[in-house]
Amino acid sequence: MGAVRCAVVGVGQTHHTSCRADVSIAGLVREAADRALADAGMTMDDIDAVVIGKAPDMLEGVMMPELWLAEALAAAGKPVFRVHTAGSVGGSTAIVAAQHVMSGVHKRVLAVAFEKQSDGNAMWALSVPVPFSMPVHAGAGGYFAPHVRAYIRRSEAPGYIGAMVAVKDRTNACANPYAHLHEPDWTLEAAMESPMLWDPIRFVETCPSSDGAAALVIAAEDVADALPGPKAWIRATSMRSEPTMFAGRNQVSPQAGKDCSAELWRKAGITDPLREVDVAEIYVPFSWFEPMWLENLGFAERNEGWRLVEDGVTDLRGGSLPINPSGGVLSSNPIGASGMIRFGEAAMQVMGNAGDHQVDGARTAVGHAYGGGSQFFAMWVVGAEKP
Amino acid sequence: MRDVAVVASAHSAVSATTDTPIELLIPVINEALANAGLERREVDFWCHGSCDYLVGQPFSFVSAVDALGAWPPIVESHVEMDGAWALYEAWIKIQTGEADTALVFGNGKSSVADMFRVMALQLDPYVEAPLGTDQIALAGLQARMALDAGVITERDMAEVAARSRRDALANPVALVSGEVSVDDLLAADKVRDPLRAHDIPAMGDGVTAVVIAAGDRARSLASRPAWIRAIDHRIDAQRIGGRDLIGVPSAVAAAERCGVGGDRIDVAEIHAPFTHEELLVGRALGIDAATTRINPSGGALVSNVLMAAGLARIARAAETVLDGTADRVIGHATQGPCLQQNLVCVMEGA
Amino acid sequence: MSNEAEDVLRIRTPIGVDYAWSAGRRSSAYLNGLLEGRLIGKRCPSCTRVYFPPRNGNCPMCGVLLVDDDVEVGPNGTVTTFCVVNVPFLGQKITPPYVAATILLDGADIGMQHLLQEVDAADVRMGMRVEPVWAPREDWGPTMENITHFRPSGEPDVDFTDYAGQL
Numbered sequence: 011m012g013a014v015r016c017a018v019v020g021v022g023q024t025h026h027t028s029c030r031a032d033v034s035i036a037g038l039v040r041e042a043a044d045r046a047l048a049d050a051g052m053t054m055d056d057i058d059a060v061v062i063g064k065a066p067d068m069l070e071g072v073m074m075p076e077l078w079l080a081e082a083l084a085a086a087g088k089p090v091f092r093v094h095t096a097g098s099v100g101g102s103t104a105i106v107a108a109q110h111v112m113s114g115v116h117k118r119v120l121a122v123a124f125e126k127q128s129d130g131n132a133m134w135a136l137s138v139p140v141p142f143s144m145p146v147h148a149g150a151g152g153y154f155a156p157h158v159r160a161y162i163r164r165s166e167a168p169g170y171i172g173a174m175v176a177v178k179d180r181t182n183a184c185a186n187p188y189a190h191l192h193e194p195d196w197t198l199e200a201a202m203e204s205p206m207l208w209d210p211i212r213f214v215e216t217c218p219s220s221d222g223a224a225a226l227v228i229a230a231e232d233v234a235d236a237l238p239g240p241k242a243w244i245r246a247t248s249m250r251s252e253p254t255m256f257a258g259r260n261q262v263s264p265q266a267g268k269d270c271s272a273e274l275w276r277k278a279g280i281t282d283p284l285r286e287v288d289v290a291e292i293y294v295p296f297s298w299f300e301p302m303w304l305e306n307l308g309f310a311e312r313n314e315g316w317r318l319v320e321d322g323v324t325d326l327r328g329g330s331l332p333i334n335p336s337g338g339v340l341s342s343n344p345i346g347a348s349g350m351i352r353f354g355e356a357a358m359q360v361m362g363n364a365g366d367h368q369v370d371g372a373r374t375a376v377g378h379a380y381g382g383g384s385q386f387f388a389m390w391v392v393g394a395e396k397p
Numbered sequence: 153m154r155d156v157a158v159v160a161s162a163h164s165a166v167s168a169t170t171d172t173p174i175e176l177l178i179p180v181i182n183e184a185l186a187n188a189g190l191e192r193r194e195v196d197f198w199c200h201g202s203c204d205y206l207v208g209q210p211f212s213f214v215s216a217v218d219a220l221g222a223w224p225p226i227v228e229s230h231v232e233m234d235g236a237w238a239l240y241e242a243w244i245k246i247q248t249g250e251a252d253t254a255l256v257f258g259n260g261k262s263s264v265a266d267m268f269r270v271m272a273l274q275l276d277p278y279v280e281a282p283l284g285t286d287q288i289a290l291a292g293l294q295a296r297m298a299l300d301a302g303v304i305t306e307r308d309m310a311e312v313a314a315r316s317r318r319d320a321l322a323n324p325v326a327l328v329s330g331e332v333s334v335d336d337l338l339a340a341d342k343v344r345d346p347l348r349a350h351d352i353p354a355m356g357d358g359v360t361a362v363v364i365a366a367g368d369r370a371r372s373l374a375s376r377p378a379w380i381r382a383i384d385h386r387i388d389a390q391r392i393g394g395r396d397l398i399g400v401p402s403a404v405a406a407a408e409r410c411g412v413g414g415d416r417i418d419v420a421e422i423h424a425p426f427t428h429e430e431l432l433v434g435r436a437l438g439i440d441a442a443t444t445r446i447n448p449s450g451g452a453l454v455s456n457v458l459m460a461a462g463l464a465r466i467a468r469a470a471e472t473v474l475d476g477t478a479d480r481v482i483g484h485a486t487q488g489p490c491l492q493q494n495l496v497c498v499m500e501g502a
Numbered sequence: 017m018s019n020e021a022e023d024v025l026r027i028r029t030p031i032g033v034d035y036a037w038s039a040g041r042r043s044s045a046y047l048n049g050l051l052e053g054r055l056i057g058k059r060c061p062s063c064t065r066v067y068f069p070p071r072n073g074n075c076p077m078c079g080v081l082l083v084d085d086d087v088e089v090g091p092n093g094t095v096t097t098f099c100v101v102n103v104p105f106l107g108q109k110i111t112p113p114y115v116a117a118t119i120l121l122d123g124a125d126i127g128m129q130h131l132l133q134e135v136d137a138a139d140v141r142m143g144m145r146v147e148p149v150w151a152p153r154e155d156w157g158p159t160m161e162n163i164t165h166f167r168p169s170g171e172p173d174v175d176f177t178d179y180a181g182q183l
């Protein structure tokens with residue numbers, strides 16, 4: 011018995027920014043949902059079920075906020091489902107929503123993910139001291155910087171690769187009206203002068219804190235076929251998890267990510283990802299993660315990912331595998347929504363709806379998200395053609 | 153739809169423990185797997201329900217992966233919901249054909265904070281949560297409405313408590329149990345008018361784990377699987393003053409979608425931490441107490457392990473099918489203030 | 017009347033909840049060891065790897081509870097990787113800049129995070145050997161904060177290939 015074919019038929023997101031004081035959390039979420047519904051030519055009356063994702067509730071200080079948000083989403087009387095898989099949650103939420111359709115249980119599902127970082131203090135929430143332990147922990151940057159250092163050492167990558175990725179993503183973001191940071195003037199020289207926050211991670215190599223939301227409408231094949239607009243057919247989804255820390259763990263290129271991408275390619279029938287994928291939106295909160303994930307995803311051999319960056323392969327213009335044409339997490343980071351933005355941007359690319367950051371002729375795109383201590387992975391492949 | 157069944161389960165609950173959540177999880181997960189005769193490597197999909205606010209730490213669920221022996225890496229997901237919804241996600245996953253077996257679990261340590269206060273932090277953060285109310289007061293508001301409407305009586309509520317405690321005598325993880333007379337219960341002072349102590353749940357630290365499987369796999373793992381014939385969940389708008397607190401429309405809708413009204417129901421495990429909630433949900437589901445055995449486990453009233461108690465209701469109902477004492481049963485789960493969100497799972501032995 | 021009411025876009029509603037936190041009984045030997053100035057880890061009964069600290073009382077790879085197989089580790093160790101924290105934030109207990117190092121204690125099979133001092137940040141290296149500096153004994157409690165920090169021990173650096181498997 012095969013799964014029901016399904017497609018993304020609507021994508022919506024807010025303008026991501028450091029503080030959306032003009033809307034409540036409910037208003038923020040509704041904005042993204044309304045845009046996705048409009049994109050699909052639907053209203054909430056058409057929606058069978060809502061799947062909501064966000065990162066830890068303590069980021070805003072509202073426990074299980076989907077309960078309260080159900081009314082603002084006009085979801086009363088419908089199934090509302092809440093996913094939380096750490097930073098990968100936006101991607102996981104899209105996948106769980108897709109599975110609601112693939113299972114044959116629902117026809118039209120709205121997936122929503124959000125974070126309103128300005129309503130709380132993420133750096134505090136991510137660094138709550140644990141009793142009996144040494145309080146050296148310093149947010150996500152402090153957590154990931156040692157792994158970046160390990161990657162640089164092991165791959166012998168030149169020190170400017172992180173800055174190159176940062177300049178690329180900040181430049182790409184200028185073509186994306188929804189991106190948080192619009193900073194057109196970065197040069198490699200200026201980026202190299204950017205202060206070290208969590209050495210070896212520079213300020214410019216770090217994602218911002220954003221308020222933002224994203225939403226997708228996912229529809230079953232018969233519904234999608236009847237809609238006039240472009241679709242992003244979901245060719246494959248994959249998720250994997252492993253423990254945060256264990257003896258001998260590869261924290262630079264975790265096995266869960268390798269297994270997840272291997273399954274993704276197998277399910278999508280892709281044998282040479284670098285050649286067959288046209289564009290990828292991958293979760294890069296610190297710029298060095300671009301070469302690290304290129305290797306983990308199988309786009310490059312071990313210790314060779316940085317060469318794709320250096321050779322311009324991942325550039326939006328002229329690159330054969332543009333990475334994060336939207337500007338990526340590095341330019342907008344509403345944490346819980348960031349994964350869904352990757353999945354949604356991948357869909358927009360194959361729908362031909364990516365505007366000024368459209369990759370010409372994109373037919374096959376990848377959305378990728380990871381979370382926790384690089385231990386939760388969620389990925390999908392979407393295509394312009396029905397699988 | 154593929155045929156999917158509950159094939160095994162396991163539970164723990166204590167009033168308070170210094171064991172970590174992981175130390176609590178491992179034996180229960182092992183027991184559920186052993187009851188199913190399943191190896192860890194044979195679990196296609198894992199799904200977990202828990203809540204950071206019960207722990208006071210962001211990403212608290214992350215360490216639960218440690219309890220799963222997740223090496224090599226596993227296919228796994230987490231819901232910030234009661235474990236009953238983890239079971240729902242696993243059921244969906246099996247329906248896609250990507251998995252044949254799943255282990256789902258919910259866990260909570262109620263002893264680490266004033267959970268009645270914490271649960272009220274689910275309210276609208278701008279207007280209602282800052283009022284500083286708690287879950288008991290909210291339950292009291294709902295009970296008062298139902299009492300004043302003449303839908304239930306304080307005696308009805310005490311009878312729920314007396315029956316639950318009596319049934320709990322046979323439940324090894326019940327936290328309160330015993331023979332008590334309804335009149336004695338009604339003679340007690342009110343804790344939060346109209347609620348007396350017997351109307352309020354015994355809070356626990358613990359875990360519920362459930363194994364579900366598809367088709368022949370389920371038949372190979374249990375001699376009498378509890379086949380999930382229908383499962384559905386619905387939500388109401390949260391605002392306490394803006395919805396039908398007595399009719400519980402989301403429970404009515406979920407029951408309708410599951411076709412509950414059709415045949416006889418032998419057993420209904422209703423997730424009702426407060427006595428009046430059992431009565432209101434029973435009405436909403438159309439359960440006839442004359443022909444349906446309600447909460448033979450004693451229910452959440454005698455053992456309320458947050459984020460596990462809803463999954464436990466599905467498991468307890470399924471266990472009556474697995475052991476051959478019932479044929480058609482309902483497991484119900486709820487979450488959100490005053491029965492806001494409701495899940496109904498209808499299971500049959502054949 | 018002014019338009020002040022219309023200008024209220026944000027409110028602060030602080031919420032306080034007190035939580036009790038348990039280390040778990042399988043951490044007792046580790047915490048008691050710290051009271052005596054000793055570093056006690058546990059060996060996994062299944063894969064025999066030594067965990068320090070015995071995080072959550074189990075082996076995450078095997079998914080089994082740790083038993084009473086206590087193993088003293090350290091006191092010296094090797095810096096496998098590190099980060100220089102230059103960022104101030106709410107609730108921070110150590111004044112930046114500081115070096116947060118992942119230290120693989122001798123005899124342990126997993127690194128742990130601690131503070132590295134008495135060395136210029138620019139001179140910290142992967143593979144550097146370090147030793148603990150303990151707080152005055154009268155200040156000790158059941159916490160890793162009994163060690164105020166680690167500092168270079170002067171031993172020769174460890175070769176990258178000897179700890180690359182820990183990264």
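Chains as they are written, first to last, in my numbering: chain A, 11 to 397; chain B, 153 to 502; chain C, 17 to 183. In this text, a Cβ means the ideal position worked out from N, Cα and C, and glycines have one as well. Computed from a prediction, not measured in an experiment: that's the story for all the values here.
Asked	Found
Pairwise C-alpha distance: Thr197 of chain A and Tyr334 of chain A	For the sequence presented, residue 334 of chain A should be read as Asn rather than Tyr. About 18 angstroms.
C-beta neighbour in chain C for Phe142 of chain A, strict 8 angstroms	yes
Asn48 of chain C burial status per 10 Å Cβ neighbour count (16 or more: buried)	exposed
Validate contact between the segment 261 to 279 of chain B and the segment 301 to 314 of chain A using beta carbons, cut 8 angstroms, 3 pairs	no
Bridge-paired residues (DSSP) for Thr253 of chain B	B:Ala365
Environment of Leu131 of chain C [buried if 16+ CB atoms lie within 10 Å]	buried
Sequence-distant residues of the same chain with beta carbon closer than 7 angstroms to Ala405 of chain B, five excluded per side	Arg386
Gly208 of chain B: contacting residues in chain C (beta-carbon distance under 7 angstroms)	Val33 and Tyr35
Cβ of Leu270 of chain B within 8 angstroms of any chain C Cβ	The sequence shown places Val at residue 270 of chain B, rather than the Leu named in the question. Yes, its Cβ sits closer than 8 angstroms to a Cβ of chain C.
8 angstroms Cβ cutoff, Thr29 of chain C in contact with chain B	yes
8 angstroms Cβ cutoff, Asp12 of chain C in contact with chain A	Residue 12 of chain C is absent from the structure shown; chain C starts at 17 and stops at 183.
Neighbour flag for Asn74 of chain C against chain B, beta carbons, 8 angstroms	yes
Three-state secondary structure (DSSP) of His25 of chain A	coil
Cα-Cα separation, Ala502 of chain B to Gly483 of chain B	17 angstroms
Residue range of the unbroken alpha helix (DSSP H) whose run includes Trp243 of chain B	Gly235 to Gln247
When B:Val328, B:Asn182, B:Gly356 and B:Ala374 are compared against Gly504 of chain B, the one with the closest alpha-carbon	Residue 504 of chain B is absent from the model: chain B starts at 153 and stops at 502.
Glu311 of chain B versus Arg318 of chain B - alpha carbon distance	10 angstroms
Arg391 of chain B versus Arg212 of chain A: straight-line alpha-carbon distance, rounded	45 angstroms
Ser202 of chain B versus Asp86 of chain C: straight-line alpha-carbon distance, rounded	31 angstroms
Backbone CA spacing between Ala210 of chain B and Leu275 of chain B [nearest angstrom]	In the sequence as displayed, the identity of residue 210 of chain B is Pro instead of Ala. In a straight line, the C-alpha of Pro210 of chain B is about 19 angstroms away from that of Leu275 of chain B.
Proximity to Ala168 of chain B [Cα-Cα], best of B:Ala354, B:Gly394 and B:Gly367	B:Ala354
Cutoff 7 angstroms; reference Gly367 of chain B; Cβ partners in own chain excluding five residues on either side	Arg154 and Asp155
Exposure of Thr94 of chain C, with buried meaning 16 or more beta-carbon neighbours within 10 Å	buried
Secondary structure of Met17 of chain C, DSSP reduced to three states	Only weak support is given to the placement of Met17 of chain C: the predicted model assigns it a pLDDT of 41, under 50, and the question is left unresolved by the model.
Under the three-state DSSP convention, the category Trp298 of chain A falls into	coil
Any chain C beta carbon closer than 8 angstroms to Gln265 of chain A	no
Cα-Cα separation, Thr281 of chain A to Ala375 of chain A	15 angstroms
Residues of the segment 207 to 222 of chain A with Cβ closer than 7 angstroms to any Cβ of chain C, in chain order	Leu207, Trp208 and Asp209
Minimum length 3: unbroken beta strand (DSSP E) runs contained in the segment 334 to 395 of chain B	342 to 344, 355 to 366 and 378 to 387
Proximity below 8 angstroms, CB of Ala388 of chain A to CB of Ile62 of chain A	no
Chain C residues whose Cβ lies nearer than 8 angstroms to that of Thr472 of chain B	The premise fails here: Thr472 of chain B is roughly 30 angstroms from chain C at the closest Cβ pair, so nothing lies under 8 angstroms.
Residues that DSSP places opposite His200 of chain B in a beta bridge	B:His230 and B:Phe257
Cβ pair count under 8 angstroms reaching 3, the segment 344 to 360 of chain B against the segment 460 to 469 of chain B	yes
Arg65 of chain C versus Met77 of chain C: straight-line alpha-carbon distance, rounded	10 angstroms
Between the CA atoms of Arg344 of chain B and Ala162 of chain B - distance to the nearest angstrom	34 angstroms
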